[in-house]
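Protein chains: 2
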Amino acid sequence: MKFGFKSATVSLPRLAQVVAATWVAIASTVSAAHPNLVITAEDVEAMRQAVKQPGLFQQTYQQVKASLDEQMLLPITVPVPKDAGGGYTHERHKKNQYLMYNAGVMYQLTQQQKYADYVRDMLIEYAKLYPTLPIHPQKKSSNVGKLFWQGLNEAVWLVYTIQAYDAALPGISKADRDSIEQGVLRQVALFLSEQSPHTFNLVHNHGTWATAAVGMTGYVLNEPEWVEKALYDLDKSGKGGFLRQMQELFSPQGYYSEGPYYQRYALMPFVTFAKAIETNEPERKIFEYRDGLLLKAIDTTIQLSYNKLFFPLNDAIKSKGIDTIELVNGVAIKYGLTADPQLLSIAQLQNQILLTGDGLKVAQGIEQGLAQPYDFQTKVYGDSASGDKGALVILRQQAASAEQAVVFKATGQGMGHGHFDKLNWQFYDHGSEIVSDYGAARFLNVEAKFGGRYLPENDSYAKQTVAHNTLVVDETSHYNGNWRESEKHYPELLFFADNDQVAVTSAKVDSAYQDVWFKRTMAQLKLADDRTIVVDIVDANGERQHQYDLPVNYQGQLIETNFKLAGNTTSLTPVGKANGYQHLWLKALAEPQAGMNKITWLNEENNRFYSYSTLTTAETQVLFTQTGANDPDFNLRNQHSFILRVPTAKLHTFVSVLEPHGEYNPSKEYTLNGSSQLTVLAFDRQREIDVVELAFVDGGRYLLAISNGKQVTSTSQSTFSHQGQSYTFQGRFSLLQLD
Amino acid sequence: MKFGFKSATVSLPRLAQVVAATWVAIASTVSAAHPNLVITAEDVEAMRQAVKQPGLFQQTYQQVKASLDEQMLLPITVPVPKDAGGGYTHERHKKNQYLMYNAGVMYQLTQQQKYADYVRDMLIEYAKLYPTLPIHPQKKSSNVGKLFWQGLNEAVWLVYTIQAYDAALPGISKADRDSIEQGVLRQVALFLSEQSPHTFNLVHNHGTWATAAVGMTGYVLNEPEWVEKALYDLDKSGKGGFLRQMQELFSPQGYYSEGPYYQRYALMPFVTFAKAIETNEPERKIFEYRDGLLLKAIDTTIQLSYNKLFFPLNDAIKSKGIDTIELVNGVAIKYGLTADPQLLSIAQLQNQILLTGDGLKVAQGIEQGLAQPYDFQTKVYGDSASGDKGALVILRQQAASAEQAVVFKATGQGMGHGHFDKLNWQFYDHGSEIVSDYGAARFLNVEAKFGGRYLPENDSYAKQTVAHNTLVVDETSHYNGNWRESEKHYPELLFFADNDQVAVTSAKVDSAYQDVWFKRTMAQLKLADDRTIVVDIVDANGERQHQYDLPVNYQGQLIETNFKLAGNTTSLTPVGKANGYQHLWLKALAEPQAGMNKITWLNEENNRFYSYSTLTTAETQVLFTQTGANDPDFNLRNQHSFILRVPTAKLHTFVSVLEPHGEYNPSKEYTLNGSSQLTVLAFDRQREIDVVELAFVDGGRYLLAISNGKQVTSTSQSTFSHQGQSYTFQGRFSLLQLD
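Protein sequences appear in the order of chains H and Z.
Numbers 0 to 738, taken from numbering that gives the first Met the number 0, label the letters of the first sequence in order.
Numbers 0 to 738, taken from numbering that gives the first Met the number 0, label the letters of the second sequence in order.
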């Protein structure tokens with residue numbers, strides 16, 4: 000079956016039946032109490048008590064109230080829509096949605112009429128304006144709006160506004176309610192649903208916002224039919240709608256195909272609407288749907304971070320992390336449901352308390368000292384709705400004061416925001432990014448930088464394969480840089496296995512280049528003396544001769560190489576002409592002797608050293624590069640890489656080890672183990688078994704054996720020989736410490 | 000009078016008399032109680048109580064004890080000296096001094112004999128070894144040692160060891176004491192004094208360590224004569240010795256000529272020996288000497304930092320800051336004397352408690368919540384012993400959540416570690432370095448980087464004028480890069496004045512170039528709406544035509560220029576051939592139209608924007624550079640600058656404004672005021688009065704008038720005109736807000 004996010008073709012007969020059977024019963028249970036969406040009347044009781052007690056919740060309450068009171072001194076402004084995103088009317092209507100939301104909450108907390116009046120007065124203005132509006136003059140794409148240039152913004156507006164109205168409603172007269180509901184709320188809901196069927200039924204993040212907005216409005220205005228349509232498509236077939244979106248936009252492990260940067264954004268309407276469903280119709284068991292998918296997706300979003308920041312997969316702004324408001328919401332709602340004390344440690348890092356019932360529970364949990372460390376895991380996240388079309392693999396290891404993570408990206412493309420980085424890896428150690436991904440080339444909302452949009456260099460560099468740490472054949476990107484083509488394919492995850500000391504995984508891609516397939520096997524090892532290393536084996540297999548490049552984008556200052564660098568000290572030229580290579584200055588070229596060659600750098604953020612040791616042939620070259628060529632507007636950040644280059648080969652296997660070591664302590668004026676401790680790196684392939692020999696200056700010697708057999712199970716026996724001795728092991732791998 | 004650090008020529012008749020008069024009285028008061036140096040018997044009583052109570056002090060005690068107990072399981076190792084700095088025997092003897100020190104303290108705290116035995120056993124080994132030692136085989140320079148390659152290390156060893164012995168002494172038998180004192184302590188003290196007169200009498204940091212070591216040993220071994228020699232030179236003339244060093248190595252404001260990086264190191268023996276003097280002979284009033292110089296010097300060391308890191312003046316490792324052990328000692332000892340609660344907030348940042356009586360007071364003060372914010376000041380620090388040979392001026396301003404500092408370096412050379420950066424400036428804002436100084440080109444103790452010593456690029460780049468933010472004439476460095484020549488001269492501080500909104504300062508240099516003198520006037524302004532800016536006026540005055548370059552080393556990503564950049568996008572070449580220019584790649588060249596030109600960058604550490612607006616002539620060029628050319632070993636960090644270049648002129652005045660603005664918030668997805676808010680920058684010189692006109696997009700308009708008159712006092716009247724109107728002001732400056 001073809002898999003696609005935009006064209007939902009999976010049928011859901013079982014689900015549709017469930018709907019039909021429960022419809023009558025559910026219709027009658029829609030609540031008439033207010034508020035009753037994300038915040039409930041019961042929550043409000045507890046919240047009113049909490050704002051009287053000193054503590055985190057009271058602090059937030061006071062801040063929000065002070066800021067709102069200041070804003071309420073200014074006249075209400077509901078301008079005729081005119082500007083595109085970022086423009087005045089756009090930002091004003093966004094601001095209004097937050098003001099109304101806060102005023103609604105404040106009405107509930109203080110029971111002061113002025114806050115309900117404020118919501119009422121603003122909505123009366125919207126009720127006068129909205130019926131007069133045509134489609135927005137700056138309409139963008141097919142998803143049009145009236146208040147905003149995009150229907151997406153209109154849906155977000157309604158998600159906030161309906162919550163504001165729900166909270167303020169008890170303080171608004173029947174006559175005003177009628178004006179508001181008829182003049183604006185019903186109109187926006189109808190515009191987003193019946194009048195925008197393409198978006199509303201779409202299995203896509205935009206569709207989720209629309210169904211969430213309309214469904215929540217249905218609860219407040221007592222329109223159960225709207226809820227049904229939001230859940231099951233306008234025709235209630237289940238072909239579109241919220242449940243279908245839950246079914247298809249995430250993998251069974253809660254992974255969203257575009258990666259964590261977009262995942263946290265996509266999560267917001269899912270979690271918000273689901274919470275409203277849970278409040279109004281707990282019998283739908285929405286949080287249990289698909290084996291608890293939404294709760295898994297919240298965990299996955301957290302798991303796909305390191306030291307508070309998301310792994311920058313695909314188009315990602317690198318400074319985005321777990322303190323984003325979408326995940327603050329997700330963590331609070333999940334904590335409200337599960338009371339999982341590990342979530343409190345994430346909430347502490349987020350450092351933001353919500354004025355909701357769940358927000359209060361989080362604040363109380365933190366204040367009661369219940370927080371426990373979050374269990375960041377070594378785990379495989381299947382990609383696609385079925386979870387078997389590629390995978391993201393996270394390997395984590397905890398050494399003394401050094402938490403490590405290897406990110407191995409064997410996922411599908413991730414649509415238009417995906418990068419051409421099949422089997423890419425990233426490495427984190429001791430709080431810092433060590434082997435890195437450029438992320439997106441974009442200065443979000445910085446007008447001077449291409450209007451704050453993705454920069455041209457996002458396409459010409461950041462998405463290209465050479466900007467990543469994976470194989471580049473003949474200086475061309477995977478799938479020739481065509482994402483629609485890439486979207487049709489996905490890597491094959493060959494295996495994953497782990498124990499306390501070792502995690503290994505392997506994947507293969509045979510579609511990225513016409514006559515070349517490649518395979519990568521990565522292992523994270525914890526050796527004696529708390530030493531942790533990463534082993535990387537990349538097999539390139541071409542039918543014809545090719546140039547194979549393996550770039551390593553490293554973060555830090557080059558310290559030493561055990562081979563001679565031929566530095567371009569008096570002039571620099573770009574490494575290549577296209578596919579990202581035109582943006583790389585060639586700083587030095589080296590032609591090391593065959594054998595184990597080493598490159599050491601110092602990460603100046605965490606003050607540790609990193610040595611990359613690799614086995615090279617006589618032909619291998621090493622190119623040292625720096626971004627910045629063909630960048631007339633200084634759009635690219637400075638980023639350094641070295642590229643292992645095999646100029647001509649059909650088959651080549653790159654075998655490398657990344658070894659964190661030592662400490663640079665300029666404050667206390669000492670440096671420990673500034674040079675690589677690895678003395679032997681040898682590789683031997685015996686049929687299906689890869690044998691890596693490692694030895695260190697302190698005498699530690701190891702053999703890592705990995706069986707590549709397709710059918711290997713935990714009880715399979717494998718045999719290999721090393722220096723005349725025969726070894727047998729069980730399962731996928733074996734790590735032996737030699738005497 | 001010629002001023003020189005190495006040749007002490009100032010005579011001290013008054014002091015010598017004081018010495019003679021008090022000698023007899025003092026000799027008899029040398030204490031026989033132990034310990035009685037930095038830690039006293041009285042301290043020990045309180046410390047013994049404190050280690051029984053939970054708290055910061057107990058935590059440190061437990062950590063030190065656990066680590067020491069582990070080390071004491073290993074055999075005592077006192078190897079025959081062989082290796083140079085960093086080598087095995089060198090590091091071993093250093094380690095031994097710390098082990099003995101900790102064991103001595105632990106003996107006092109626990110009263111367990113095993114700790115005294117450990118000190119005794121190790122010292123007995125030293126007593127056997129030391130008498131057999133010749134001068135160290137790797138001897139370095141004229142300051143030779145026996146245990147170490149340098150006498151400096153030997154003095155440091157004795158400073159620690161005599162404290163260890165002093166603490167352990169009550170637990171060592173008379174016979175063992177005799178062996179130890181005769182075999183090693185007396186011998187080292189004699190070696191450092193009588194047998195190394197050149198170093199001992201030297202008015203230099205090395206001399207301070209030697210006098211401190213010998214003087215402290217004199218107190219413990221009841222040799223008052225040694226104390227006298229330590230204080231007043233071997234011949235007790237006062238020409239050398241500790242008091243002379245205090246007299247000459249610091250300015251009256253407590254500034255050390257080499258800058259804060261070396262100041263914190265130089266401080267250690269001063270403060271330690273002074274504390275021992277205070278303990279044994281409080282009647283010397285050593286901490287009151289020279290108007291409380293040592294206490295001032297501790298304050299100055301703190302003042303010369305921003306966000307915990309020292310200003311990187313001259314050869315400085317930029318990651319060095321106030322948490323350095325030398326300043327931990329200084330702060331504790333000063334707190335012990337003054338109980339100044341502001342010191343506690345520095346101690347909190349240092350996050351390290353000492354196992355001394357003063358350390359206990361610090362721990363208790365913190366635990367009692369006594370800490371108060373440190374008063375970082377706008378202040379002039381005179382340079383040289385007399386304080387009138389140049390100055391370092393620090394301007395600080397506190398805006399909403401943005402603490403700013405301007406560092407204006409109008410000091411003398413600072414000896415061999417000084418940089419050629421007369422009238423250089425640095426700017427800090429909102430926690431980050433914005434206009435920066437490269438500091439030293441060095442990876443301290445990283446063997447692969449030139450043995451961890453100063454790199455060749457320290458001379459060829461980091462010290463050169465173009466690596467700084469000050470005037471370069473004809474691509475040559477100040478004083479042609481000859482520090483001995485520079486040492487003969489110093490800038491003239493023309494004026495300094497401030498009020499709550501404005502601080503202005505100005506200095507002039509007429510010796511850095513043969514026929515060019517230059518002057519720089521800087522002002523830090525706090526305007527309405529919490530807006531803070533820096534105004535910079537640089538006058539270059541040549542008798543002949545010259546090329547004038549004014550570099551600005553900026554930290555961040557270039558965002559926009561209001562003029563066209565001609566980027567070198569497909570090849571890079573160095574800007575110049577020598578004096579640091581050979582290390583700069585020319586990334587772009589611009590020839591903007593005359594008028595106000597702007598360059599905006601984004602600091603990605605604090606996410607604020609910075610716009611540099613400057614008035615240019617039709618001839619002015621702007622060069623955009625990046626370090627890295629002629630750097631075959633990748634020794635230089637990436638650093639960006641733009642250089643304002645006037646290719647040919649006799650006289651030129653650079654007038655510029657640096658304006659922090661806005662916020663880039665990728666986490667919350669908004670950007671505020673990403674473009675410069677300055678709309679008008681005009682400059683007018685009316686006789687001795689400089690008039691700067693400023694206007695901003697929000698309509699704010701200002702006139703800053705600065706009188707350059709030599710004799711201006713706070714009551715002087717100045718008159719200037721602007722747009723047909725006449726203005727009169729009193730004092731050095733006036734800031735007017737126009738309607």
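Think of the CB as a built atom: it goes at the ideal place given N, C-alpha and C, for glycine as much as any other residue.
Computed from a predicted structure; not experimentally measured.
Short Cβ contact (7 angstroms threshold) for residue i with residue j
i         : j         : result
Val104(H) : Leu354(H) : yes
Asp374(H) : Gly381(H) : no
Lys145(H) : His135(H) : yes
Glu658(Z) : Ile532(Z) : yes
Val445(Z) : Thr560(H) : no
Ala229(H) : Gly253(H) : no
Ala589(H) : Phe562(H) : yes
Asp322(H) : Gln349(H) : yes
Leu650(H) : Asn479(H) : no
Arg684(Z) : Leu737(Z) : no
Leu677(Z) : Val691(Z) : no
Gly555(Z) : Leu601(Z) : yes
Run of the beta strand (DSSP E) containing residue i, from where it starts to where it stops
i         : result
Gly739(Z) : Nothing can be reported for residue 739(Z): it is not among the residues displayed for chain Z, which extend from 0 to 738.
Thr299(Z) : Counting along the chain, Thr299(Z) falls outside any beta strand (DSSP E), though it belongs to the alpha helix (DSSP H) covering 288-302.
Arg395(Z) : 390-398
Lys113(Z) : Lys113(Z) -> not in any beta strand (DSSP E); alpha helix (DSSP H) instead, spanning 112-128.
Alpha-carbon spacing of residue i relative to residue j, whole angstroms
i         : j         : result
Thr714(H) : Phe728(H) : 9 angstroms
Leu443(Z) : Gly451(Z) : 5 angstroms
Val37(Z)  : Glu44(Z)  : 14 angstroms
Ser733(H) : Leu55(H)  : 50 angstroms
Arg644(Z) : Val270(Z) : 47 angstroms
Leu312(Z) : Tyr453(H) : 40 angstroms
Ser178(H) : Ala102(H) : 19 angstroms
Gln16(H)  : Ala273(H) : Caution applies to Gln16(H), whose pLDDT of 40 falls short of 50 and renders its modelled position unreliable; the model cannot decide the point.
Tyr547(Z) : Glu603(H) : 35 angstroms
Boundaries (first-last residue) of the alpha helix (DSSP H) holding residue i
i         : result
Ser610(Z) : Run containing Ser610(Z): none in the alpha helix (DSSP H); it sits in the beta strand (DSSP E), 607-615.
Leu266(Z) : 259-279
Residue-level contact to chain A via CB, residue i, 7 angstroms cutoff
i         : result
Glu662(Z) : No chain A appears in the structure shown, which is made up of the protein chains H and Z.
Task: Whole alpha helix (DSSP H) elements within the stretch 26-94 of chain Z, 4-residue minimum - done: For the stretch 26-94 of chain Z, whole alpha helix (DSSP H) runs of length 4 or above, ordered along the chain, are 40-49, 55-71.
- [ ] Return the residues of the stretch 632-647 of chain H that lie within a Cβ-Cβ distance of less than 7 angstroms from chain Z, sorted by chain order.
- [x] Phe633, Arg636, Asn637
Task: beta strand (DSSP E) runs contained entirely in the stretch 654-732 of chain H, provided each spans 3 or more residues - done: 662-664, 669-671, 677-685, 688-695, 700-706, 716-721, 724-729
Open item on the list: Can you pull out the residues from the stretch 539-559 of chain Z whose beta carbon lies closer than 7 angstroms to at least one beta carbon of chain H?
Closed with: Those would be Gln556, Leu557, Ile558, Glu559, in chain order.
Open item on the list: Threshold first: 3 residues or longer. Then list the beta strand (DSSP E) segments lying entirely within the stretch 197-229 of chain H, N to C.
Closed with: none
Task: Short-range partners of chain H found in the stretch 431-459 of chain Z, where Cβ spacing is below 8 angstroms - done: Cβ contacts with chain H come from Phe442, Leu443, Asn444, Val445, Glu446, Ala447, Lys448, Gly451.
- [ ] With a floor of 3 residues, list each beta strand (DSSP E) that falls wholly inside the stretch 570-649 of chain Z, ordered by position along the chain.
- [x] 583-589, 594-602, 607-615, 620-626
Task: 3 or more residues per run - each beta strand (DSSP E) lying fully within the stretch 324-385 of chain Z - done: 378-381
TODO: For the stretch 464-496 of chain H, list the alpha helix (DSSP H) runs that are entirely contained and at least 4 residues long, ordered along the chain.
DONE: 482-485
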